[in-house]
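First comes the structure, then the notes that go with it.
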């Protein structure tokens, strides 16, 4: 079956002013109106922002020279893409997001791991986008309009940007596509104009010398730390790719989905290298964004204001959308809209506390490090599971928990597949023991390799090896592998647990309520034309 065969019976795309109807449920084939280019565009829009630019400044802030920082950035993006790319494959097959899809490997209740990771990522990157975009606007106001800088002004700007992001996310996927289309073209053009703006002051030979290296004056520990921070940018999309790829027809070829991720994330080098280059201009300054605006030509300072605003919306929406979507299934009494507002409020409070009480930069750095160490092993397990299952998933049985039911292919033991869960927990703990993200996360083994951060390597190796060993020693039931059977592992004979409705569960009541409302709306839609006739 070709893509054209699938798209022939598609419904029209919803208008961007329509609030998205779908929650965490399986997207019907007729509503899968996106394609692989949309997936690439929304990823590039999500990375083509000031939040990504800020991550690009870290290699310079850690004391690397310009070319060393470029190498660390390219390495971080390349490794991140290698882990991320397979995450685009799940949405078209399951019709739902990656957290719910992970129920096939972690159990329909164990998929809460994916929900936790998406929450962690959303808070970190929503905070970065609102914080950095707000500071850029404040910097422009202080330079261009003479408005005095103050905590009150910054918090007010944060609130405006944060509220706009929440509104866009409430409207949903189609509105997000529009925002990201604008961000892709506008921000790319504005960032490339930096070549003109800073041509007279930028020096590609920038090198502060070994004494500037942040981790004990040693090159390799500092270089690896910089690469890991940059790597967090593509890794942060791991729990979210299914939010958008679920709207792509199920027959879309895997190479197109993986290619979309390579393209979208690879183009993210544009804002990252912008951050590397411009960080050399303001090295040693405590406030990168405001300092950059003050050293920029006046005409470009105005353009940076536009980049900051559009980019803040783009990153904020891609981060917040998926978590609001997923949280509505974890807490069934919340609709997608209510969950979005709740998570957005929590994330905004995090910004306020970080700005007023803690070192926000250090706090975000710790969150970014935790994302890499905990999300990457989850992605490794997801990828191995995809391979041994031959890409087979039962979309209906993945929704058992969301419908307030028990049983099905992915029930395992009380809704948890202890094989995947054990591998992830052990890998995440081991990774955190080696992590070094001061002052919040400093593992007891962080200095074991002379300051070189082994957190990612240790967590990935443990996840892959332990999960493989558990699959070999404790074979999974034959029915989870589909008609073609497992690839490279054994299976055990078993009967699919029957599905039963748990009428006492909040999920069952919420699902019944939503289904009744949908049926009522459908009946009214049918009656309206008949009345007109």
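In the numbering used here, the protein residues as written are 695 to 1227.
Note that CB positions come from ideal geometry on N, CA and C, so glycine has one too.
Please read all numbers here as calculations on a predicted model, not as lab measurements.
Which of helix, strand or coil DSSP assigns to residue i
{"i": "residue 909", "result": "coil"}
{"i": "residue 1171", "result": "strand"}
{"i": "residue 855", "result": "helix"}
{"i": "residue 1195", "result": "strand"}
{"i": "residue 881", "result": "helix"}
{"i": "residue 902", "result": "coil"}
{"i": "residue 875", "result": "helix"}
{"i": "residue 1107", "result": "strand"}
{"i": "residue 1100", "result": "strand"}
{"i": "residue 732", "result": "helix"}
{"i": "residue 1030", "result": "helix"}
{"i": "residue 721", "result": "coil"}
{"i": "residue 890", "result": "helix"}
{"i": "residue 919", "result": "helix"}
{"i": "residue 973", "result": "helix"}
{"i": "residue 1118", "result": "helix"}
{"i": "residue 965", "result": "helix"}
{"i": "residue 932", "result": "coil"}
{"i": "residue 695", "result": "Unreliable placement is indicated for residue 695, whose pLDDT of 39 sits below 50; the coordinate value is still reported in the next sentence. Note: residue 695 maps to coil in three-state DSSP."}
{"i": "residue 1148", "result": "coil"}
{"i": "residue 863", "result": "helix"}
{"i": "residue 896", "result": "coil"}
The alpha helix (DSSP H) enclosing residue i, as first and last residue numbers
{"i": "residue 937", "result": "935 to 939"}
{"i": "residue 750", "result": "744 to 755"}
{"i": "residue 759", "result": "Element bounds for residue 759: n/a, residue is neither H nor E."}
{"i": "residue 957", "result": "948 to 960"}
{"i": "residue 1140", "result": "No alpha helix (DSSP H) holds residue 1140; DSSP gives it neither H nor E."}
{"i": "residue 1177", "result": "First-last for residue 1177: undefined, no H or E at that position."}
{"i": "residue 943", "result": "No alpha helix (DSSP H) contains residue 943, which DSSP labels as neither H nor E."}
{"i": "residue 1090", "result": "1089 to 1092"}
Opposing strand residues paired with residue i [DSSP bridges]
{"i": "residue 692", "result": "Not covered by the structure: residue 692. The range shown for the chain is 695 to 1227."}
{"i": "residue 1185", "result": "1170"}
Residue nearest to residue i in terms of C-alpha spacing, selected from the options
{"i": "residue 912", "options": "1141, 1188, 750, 1189", "result": "1141"}
{"i": "residue 1154", "options": "774, 732, 889, 727", "result": "774"}
{"i": "residue 1045", "options": "780, 960, 855", "result": "855"}
{"i": "residue 1188", "options": "1164, 722, 1172, 1086", "result": "1172"}
{"i": "residue 814", "options": "1146, 1145, 1062, 1077", "result": "1062"}
{"i": "residue 936", "options": "1167, 1149, 736", "result": "736"}
{"i": "residue 786", "options": "896, 898, 950, 925", "result": "950"}
{"i": "residue 1285", "options": "1160, 1147, 1082", "result": "Residue 1285 lies beyond the stretch modelled for the chain, which goes from 695 to 1227, so this question has no answer here."}
{"i": "residue 1198", "options": "875, 1095, 976, 1103", "result": "1095"}
{"i": "residue 1112", "options": "895, 990, 719, 805", "result": "805"}
{"i": "residue 1151", "options": "1144, 1071, 1176, 1086", "result": "1071"}
{"i": "residue 778", "options": "1191, 976, 1194, 931", "result": "931"}
{"i": "residue 718", "options": "725, 746, 791, 771", "result": "791"}
{"i": "residue 851", "options": "934, 830, 1068", "result": "830"}
{"i": "residue 1098", "options": "1143, 1195, 1084", "result": "1195"}
{"i": "residue 1000", "options": "872, 1178, 877, 1129", "result": "877"}
{"i": "residue 927", "options": "770, 1086, 1087", "result": "770"}
{"i": "residue 985", "options": "836, 1073, 1042, 1105", "result": "836"}
{"i": "residue 1064", "options": "765, 724, 1125", "result": "1125"}
{"i": "residue 891", "options": "992, 1110, 808", "result": "992"}
{"i": "residue 755", "options": "1073, 919, 1108", "result": "919"}
{"i": "residue 1134", "options": "1059, 1069, 784, 1162", "result": "1059"}
{"i": "residue 753", "options": "924, 788, 898", "result": "924"}
{"i": "residue 973", "options": "1131, 882, 1101, 902", "result": "902"}
{"i": "residue 1165", "options": "823, 885, 728, 799", "result": "799"}
{"i": "residue 733", "options": "723, 894, 948", "result": "948"}
#### Entry: Inside the region 766 to 843 only - alpha helix (DSSP H) runs reaching at least 4 residues
784 to 788, 792 to 795, 797 to 800, 806 to 838
### Task
Any chance you could list the beta strand (DSSP E) runs of at least 3 consecutive residues sitting entirely within the region 982 to 1010, in chain order?
none
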